[in-house]
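Structure first, commentary second.
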Amino acid sequence: MNPYILTALLFGLGLGTTITFASSHWLLAWMGLEMNTLAIIPLMAQHHHPRAVEATTKYFLTQATAAAMLLFASATNAWLTGQWEIQQMTHPLPVTLITLALALKIGLAPVHSWLPEVLQGLDFTTGLILSTWQKLAPFALLLQIQPANSVILVALGLASTLIGGWGGLNQTQLRKVLAYSSIAHLGWMILVLQFSPSLTLLTLLTYFVMTLSAFLVFKLSKSTNLSMLATSWAKAPAITALTPLILLSLGGLPPLTGFMPKWLILQELTKQDLAPTATIAAMSALLSLFFYLRLSYAMTLTMSPNTLAGTAPWRLQPSQFVLPLAVGTTTTLLLLPLTPAAVALLVL
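Numbering follows the UniProt record's numbering, with no gaps: position 5 of the sequence shown is 5.
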């Protein structure tokens, strides 16, 4: 892609998110979300592959539906209460509609089915933008409206953690596994959103760092499915040794960074007398952990067959910039001791 066009599109992505962050009026927030969607579509379709075009079309249709629903709900709110302010959401009908529209935007269960299909059609770089940056603007709106109907948020959160774990069990395509991982992590964030918004932001931040590491590792080893992981030891042995730790951090195992948000969320849910919810969420984390372990096993404990059809690839110098991967991996593995500092910041 032409670097000038790429710069303009990335600027559009940044501007769209910033407009949504800064807006207090629903029309401005909607405009920011639309700019976001329109800026990423050329990035998704840049490879002119039928799968990429199909993924782009699916993404456009779902985002357009969510945006129309959000516009309809905000207009309904203005009609019922005379308010266009984001903070002034008092009527339950528009609040519920907007919550569901934003759930569709970010890919929460049960409106999640577009996310694995779309991510599967994209390359790792665009998939990373879709899994991280594109979640920011809808989350900013969810944090601002603070939906009063807690049952919907808990239901969405539990459904996402369960479906995110269950859906990834049978997958062999890495991008689909990462999509289901994204759904499960979003479920954890939504569960605690109404009780501790700052904890939701902490979980979102740690999820971004862990997902960045996972995407960059798979991009470095050029692995797109489970069987290709077995040859990655020949390309980058050091990072192959660290990758299981990155995946187990995504699964939430101590003493890795990914354990911190899950631990704090379970603690918060128990404080709010939601022990059954916390138990179901913790059990669903075991489902996710299983497919992360499966990936780790395929990557480090299986040798690729050394037949002519499956010879080990050449170990070449990496062509991509590896500093983000180094920083991301270090952060993904070593932040758990900073939990007391994170908790102190949450209290402020």
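Glycine included, each C-beta is placed from N, C-alpha and C at the ideal position.
Keep in mind the model is a prediction, meaning the values are calculated, not measured.
Cα-Cα separation, residue i to residue j
| i | j | result |
| --- | --- | --- |
| Gly328 | Glu34 | 30 Å |
| Phe208 | Gly168 | 19 Å |
| Ser284 | Asn2 | 44 Å |
| Gly252 | Thr126 | 25 Å |
| Gly157 | Thr331 | 26 Å |
| Val53 | Leu9 | 18 Å |
| Leu27 | Met303 | 55 Å |
| Phe290 | Ser160 | 17 Å |
| Leu338 | Leu250 | 17 Å |
| Thr270 | Pro340 | 19 Å |
| Gly16 | Asn36 | 5 Å |
| Thr224 | Phe218 | 7 Å |
| Ala275 | Ile183 | 22 Å |
| Tyr180 | Leu325 | 22 Å |
| Ala68 | Ser74 | 10 Å |
| Trp233 | Asn77 | 56 Å |
| Glu117 | Gln173 | 11 Å |
| residue 405 | Ile265 | Given that the chain is displayed from residue 1 to residue 348, the structure contains no residue 405 and the question cannot be resolved. |
| Trp166 | Ile280 | 13 Å |
| Leu128 | Gln320 | 15 Å |
| Thr47 | Leu220 | Thr is not the amino acid found at residue 47; the sequence shown has His there. So the two alpha carbons sit approximately 19 Å from each other. |
| Leu301 | Leu242 | 13 Å |
| Ala344 | Thr206 | 16 Å |
| Pro92 | Trp84 | 15 Å |
| residue 382 | Arg294 | Residue 382 falls outside the range modelled here, since the chain spans only 1 to 348, and no answer is possible. |
| Ala66 | Gly82 | 23 Å |
| Leu119 | Ile106 | 13 Å |
| Trp263 | Ala64 | 36 Å |
Where residue i falls, given that 16 or more other Cβ within 10 Å makes a residue buried
| i | result |
| --- | --- |
| Ile5 | exposed |
| Asn170 | exposed |
| Arg175 | buried |
| Lys222 | exposed |
| Ser24 | exposed |
| Phe124 | buried |
| His185 | buried |
| Trp114 | buried |
| Pro50 | exposed |
| residue 357 | Residue 357 lies beyond the range of the chain shown here (1 to 348); nothing can be said about it. |
| Leu130 | buried |
| Pro261 | buried |
| Gln87 | exposed |
| Thr90 | exposed |
| Ala22 | exposed |
| Leu323 | exposed |
| Leu286 | exposed |
beta-carbon residue i near the ligand SAM non-hydrogen atom, thresh 7 Å
| i | result |
| --- | --- |
| Ser131 | The ligand content of the structure shown is nil, which means the ligand SAM is not present either. |
Cβ pair residue i, residue j closer than 8 Å
| i | j | result |
| --- | --- | --- |
| Gly187 | Leu108 | yes |
| Thr56 | Met44 | yes |
| Ile41 | Phe60 | yes |
| Leu346 | Ser196 | yes |
| Ile239 | Met210 | no |
| Leu142 | Leu193 | yes |
| Leu204 | Phe139 | yes |
| Leu13 | Ala39 | yes |
| Ala29 | Thr18 | no |
| Ile145 | Val177 | no |
| Leu335 | Thr257 | yes |
| Leu191 | Thr277 | yes |
| Val111 | Leu122 | no |
| Ala298 | Ala236 | no |
| Ser288 | Pro244 | no |
| Tyr292 | Leu226 | no |
| Thr132 | Leu212 | yes |
| Leu162 | Glu268 | no |
Beta-bridge partners of residue i, as assigned by DSSP
| i | result |
| --- | --- |
| His25 | Glu85 |
| Asn225 | Gln173 |
CB contact below 8 Å: residue i versus chain D
| i | result |
| --- | --- |
| Ser221 | Of the chains in the structure shown, none is chain D; there is only one protein chain. |
Practice problem: Let me know the alpha helix (DSSP H) ranges lying completely inside the stretch 75-162, each 4 residues or longer, listed in chain order. | Solution: 92-106, 114-120, 124-131 and 133-145, all fully within the stretch 75-162.
Quiz item: Which residue spans inside the stretch 202-279 form an unbroken alpha helix (DSSP H) run of at least 4?
Solution: Segments of the alpha helix (DSSP H) lying fully in the stretch 202-279: 226-229, 232-235, 237-251 and 259-271.
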